[in-house]
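Residue numbers (the working numbering): 999 to 1074.
For reference, the structure discussed in these notes is given below.
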C-alpha cells in the first residue's frame, strides 16, 4: 500500500481497476496500471499475495488511500 501511494504521488500510476475474485460473490482485488503500460495487483506486504477485500467499499477505500479520487463507479 505504501509503495502504491509513493508510485501514485510520483505519477507512475495512471489507473486502477476493481476485479472480482473468481467464483466469489463479495471478494475484490485491485489492479493498478502504470505509465509504461505495465500493470499488477495490489499485494499484501507480509506475504506478497494478492490483497483481497471482502467488500467493494473496502477496495474503493484502498484506492482513495493510494490517492485516486472519483465521484462515480461505471459498470460495463
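Every residue, glycine too, gets a C-beta built ideally from N, C-alpha and C.
Just so it is clear, the structure is predicted and the values come from calculations on it, not from any experiment.
Quick test of the definition: if touching needs 3 or more C-beta pairs under 8 Å, does the region 1019-1029 touch the region 1045-1064? yes
* To do: Taking all protein chains shown into account, decide if residue 1008 is buried (16 or more other Cβ within 10 angstroms of its Cβ) or exposed.
  => Against the chain shown, residue 1008 aligns to sequence position 10. So residue 1008 counts as exposed.
Check your understanding: Ordered along the chain, which non-local residues of its own chain (more than five positions away) have a Cβ less than 7 Å from that of residue 1032?
Key -> Along the chain shown, read from residue 1 onward, the residue named residue 1032 stands at position 34. Taken in chain order, the residues that qualify are 1010, 1011, 1012.
* By Cβ distance, which residues of its chain are closer than 8 Å to residue 1003, with the 5 residues on each side in sequence left out? -> Position 5 of the chain shown, counted from the first residue, corresponds to residue 1003. Closer than 8 Å at Cβ, skipping near neighbours: 1063, 1064, 1065.
Going by C-alpha distance, which of 999, 1039, 1045, 1005 is nearest residue 1016?
Mapped onto the chain shown, residue 1016 falls at position 18. Nearest option by C-alpha distance: 1039.
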